[in-house]
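Accompanying notes for the structure given below.
Residue numbers (this note's numbering): 1390 to 1920.
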């Protein structure tokens, strides 16, 4: 009998009876049949950056003994208003993870692969299936409370089995397990990629500490704290997200602060700490300078200012009205130049390697790091718009709507607000494509415009404009557009200096005008002084 026939026998029995009579039967059957033929092998494809953190020399399971608030949800259902705008964006296409979409007909193919991979893993690792079952069983009550809706339709055995199969599949997927890779190669290439996108759906999540616990059990050796996060980051940081490659952070979030896979990728995708820390440092420097200036004032003057004007200054400081910018085509008419920030940084890095001194930073730009210079140049990193771009953005947007208590968490929502402001029609998309800011893989510019115009539906940004990530840029752009001289300069450039031939025509016209004036002057002089 083939070494995998034992698992298929279980699958056949499951297909006939619907599900095992109990979870103990599921685990004991796998354990009993796996003992007939044990295949030694290494489950771990080493793509792990050597972390500098202390390893857990004791039981790896202690890595995952994380306390959690049992009264708060972390894995939510998408609100109805968001779902009604584009329901398919929140539905898995290939694989279900967790209870919300479990058992749907079009996702059953991957259920077979999950079971086959789990059975194979048990054989290779010489592990006991009951050990995985018992580990999840002990935390079942807490895991259930991570989900928003009651899970009464899942009895204890079914729920634990689902957690084990789904969690082990995710761990083996990021470990690039050989047997799993062979199974996935039988699927279409597009289907294989859909798996990774399905893992980023808001309703398709497992608690992250469950994944860490299963990872420690599968590896069965000393586990570094950021080993599994590094595996996840190495895959999603390159081509799966619609922006430039994400730079490896100096430090991953603490495991206790990671709720699920979507939340982890979200935290890694945020703007670089350099820019966030720069804004904080700038605010502190301004406050320090203000305090220093006030210290030089006479005591009587400070007292008078505090009594008479303190309230007015407080009210003025708290008020900052929202500023909105025009679309890309109108901004260009107002003299705004659009530049691909990533291309600029690559050029600077190339010049730096040649030994030339270059002002400005080197490296790759985060998708969210947009700059506006004094000469009217708006620098925006590249955004790739592909088939799954809308799904990714919508699920991150929905996730951000549930974040509370932080003034700096709505980066993706703020970015969508920026792009929605720049894009009103296909002409705006065409302009951004010509500047290599948007890479349109969908083909139709109007489709991209409609996507951004609808992304912001029922997404509520921060009430305080001060918390808007691009507030300074919006104000600078708005101020630039209100200066008439900038509009006149742009109009002159677009009408008379937009091509070499136009420039030559203008020069010829000016020369002709000068010659005509000279001729007129000499004619007048000859009339006044005939000799």
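Cβ coordinates follow ideal geometry from the N, Cα and C atoms, glycine included. No experiment lies behind these values; they were computed from the predicted model shown.
Contacting residues, own chain, Cβ-Cβ under 7 Å from residue i (five flanking each side not counted)
{"i": "residue 1560", "result": "1600, 1603, 1604 and 1607"}
{"i": "residue 1910", "result": "none"}
{"i": "residue 1333", "result": "What the structure shows of the chain is the stretch from 1390 to 1920, and residue 1333 is not part of that stretch, so it cannot be assessed."}
{"i": "residue 1845", "result": "1805, 1806 and 1809"}
{"i": "residue 1789", "result": "1798, 1799, 1801 and 1802"}
{"i": "residue 1816", "result": "1718"}
{"i": "residue 1766", "result": "1726 and 1728"}
{"i": "residue 1904", "result": "none"}
{"i": "residue 1493", "result": "1485"}
{"i": "residue 1647", "result": "1597 and 1653"}
Between the CA atoms of residue j and residue i - distance to the nearest angstrom
{"i": "residue 1538", "j": "residue 1840", "result": "30 Å"}
{"i": "residue 1809", "j": "residue 1713", "result": "11 Å"}
{"i": "residue 1847", "j": "residue 1508", "result": "44 Å"}
{"i": "residue 1569", "j": "residue 1500", "result": "13 Å"}
{"i": "residue 1641", "j": "residue 1866", "result": "35 Å"}
{"i": "residue 1483", "j": "residue 1529", "result": "26 Å"}
{"i": "residue 1780", "j": "residue 1626", "result": "17 Å"}
{"i": "residue 1818", "j": "residue 1838", "result": "7 Å"}
{"i": "residue 1645", "j": "residue 1614", "result": "11 Å"}
{"i": "residue 1908", "j": "residue 1893", "result": "22 Å"}
{"i": "residue 1472", "j": "residue 1611", "result": "43 Å"}
{"i": "residue 1491", "j": "residue 1799", "result": "30 Å"}
{"i": "residue 1578", "j": "residue 1777", "result": "14 Å"}
{"i": "residue 1902", "j": "residue 1918", "result": "24 Å"}
{"i": "residue 1480", "j": "residue 1563", "result": "22 Å"}
{"i": "residue 1543", "j": "residue 1628", "result": "36 Å"}
{"i": "residue 1710", "j": "residue 1860", "result": "10 Å"}
{"i": "residue 1952", "j": "residue 1622", "result": "This structure does not reach residue 1952, given that the chain is present from 1390 up to 1920, and the question cannot be answered."}
{"i": "residue 1527", "j": "residue 1833", "result": "52 Å"}
{"i": "residue 1824", "j": "residue 1721", "result": "12 Å"}
{"i": "residue 1636", "j": "residue 1785", "result": "19 Å"}
{"i": "residue 1900", "j": "residue 1906", "result": "10 Å"}
{"i": "residue 1872", "j": "residue 1864", "result": "13 Å"}
{"i": "residue 1487", "j": "residue 1531", "result": "14 Å"}
{"i": "residue 1653", "j": "residue 1630", "result": "13 Å"}
{"i": "residue 1536", "j": "residue 1826", "result": "39 Å"}
{"i": "residue 1521", "j": "residue 1831", "result": "44 Å"}
{"i": "residue 1540", "j": "residue 1498", "result": "23 Å"}
{"i": "residue 1862", "j": "residue 1820", "result": "20 Å"}
{"i": "residue 1609", "j": "residue 1853", "result": "49 Å"}
Cutoff 8 Å; reference residue i; Cβ partners in own chain excluding five residues on either side
{"i": "residue 1828", "result": "1771, 1772, 1773, 1774 and 1822"}
{"i": "residue 1394", "result": "Any reading at residue 1394 must be qualified, since the residue scores a pLDDT of 43, below 50, and its modelled position is unreliable; the value itself is stated next. There are no such residues."}
{"i": "residue 1574", "result": "1581"}
{"i": "residue 1842", "result": "1809, 1812 and 1813"}
{"i": "residue 1475", "result": "1779, 1783 and 1843"}
Close-in-space but distant-in-sequence residues of the same chain around residue i (CB under 6 Å, 5 per side omitted)
{"i": "residue 1572", "result": "1502"}
{"i": "residue 1783", "result": "1478"}
{"i": "residue 1768", "result": "1728, 1730 and 1760"}
{"i": "residue 1787", "result": "1467, 1471 and 1591"}
{"i": "residue 1525", "result": "1549, 1552 and 1553"}
{"i": "residue 1583", "result": "1482 and 1483"}
Residue i, buried or exposed, once every other Cβ within 10 Å from all chains shown has been counted against 16
{"i": "residue 1639", "result": "exposed"}
{"i": "residue 1758", "result": "buried"}
{"i": "residue 1761", "result": "buried"}
{"i": "residue 1633", "result": "buried"}
{"i": "residue 1470", "result": "exposed"}
{"i": "residue 1916", "result": "exposed"}
{"i": "residue 1495", "result": "exposed"}
{"i": "residue 1897", "result": "exposed"}
{"i": "residue 1485", "result": "buried"}
{"i": "residue 1806", "result": "buried"}
{"i": "residue 1755", "result": "buried"}
{"i": "residue 1547", "result": "buried"}
{"i": "residue 1792", "result": "exposed"}
{"i": "residue 1651", "result": "buried"}
{"i": "residue 1510", "result": "buried"}
{"i": "residue 1835", "result": "exposed"}
{"i": "residue 1432", "result": "Residue confidence is low: residue 1432 scores 28 on pLDDT, short of 50, so the model does not pin down where it sits. No coordinate-derived value is stated."}
{"i": "residue 1643", "result": "exposed"}
{"i": "residue 1700", "result": "Only weak support exists for where residue 1700 lies, its pLDDT of 45 falling under 50; the coordinates are left without a value."}
Within-8 Å CB hit, residue i to chain B
{"i": "residue 1857", "result": "You won't find chain B in this structure, because it holds only one protein chain."}
Exercise. Below 8 Å, can you find three or more Cβ-Cβ pairs linking the stretch 1586-1595 to the stretch 1546-1563?
Worked result: With contact defined as three or more Cβ pairs closer than 8 Å, the stretch 1586-1595 and the stretch 1546-1563 are in contact.
Exercise. Are three or more beta carbon pairs between the stretch 1613-1622 and the stretch 1652-1661 nearer than 8 Å?
Worked result: Judged by pairs of C-beta atoms under 8 Å, the stretch 1613-1622 touches the stretch 1652-1661, as three or more such pairs exist.
Exercise. Taking only runs of the alpha helix (DSSP H) that begin and end inside the stretch 1795-1844, which ones reach a length of at least 4 residues, in chain order?
Worked result: For the stretch 1795-1844, whole alpha helix (DSSP H) runs of length 4 or above, ordered along the chain, are 1800-1811, 1815-1823 and 1834-1844.
Exercise. Are the stretch 1579-1587 and the stretch 1511-1530 touching by the rule of at least three beta carbon pairs closer than 8 Å?
Worked result: With contact defined as three or more Cβ pairs closer than 8 Å, the stretch 1579-1587 and the stretch 1511-1530 are not in contact.
For this session: For the stretch 1766-1796, list the beta strand (DSSP E) runs that are entirely contained and at least 3 residues long, ordered along the chain.
Result: Counting only runs of 3 or more residues that sit fully inside the stretch 1766-1796, the beta strand (DSSP E) segments are 1766-1769 and 1772-1774, in chain order.
For this session: Jot down the residue ranges of each uninterrupted alpha helix (DSSP H) in the stretch 1471-1550, minimum 4 residues, whole runs only, in chain order.
Result: Counting only runs of 4+ residues, the alpha helix (DSSP H) found wholly inside the stretch 1471-1550 occupies 1497-1514, 1518-1526 and 1529-1533, in chain order.
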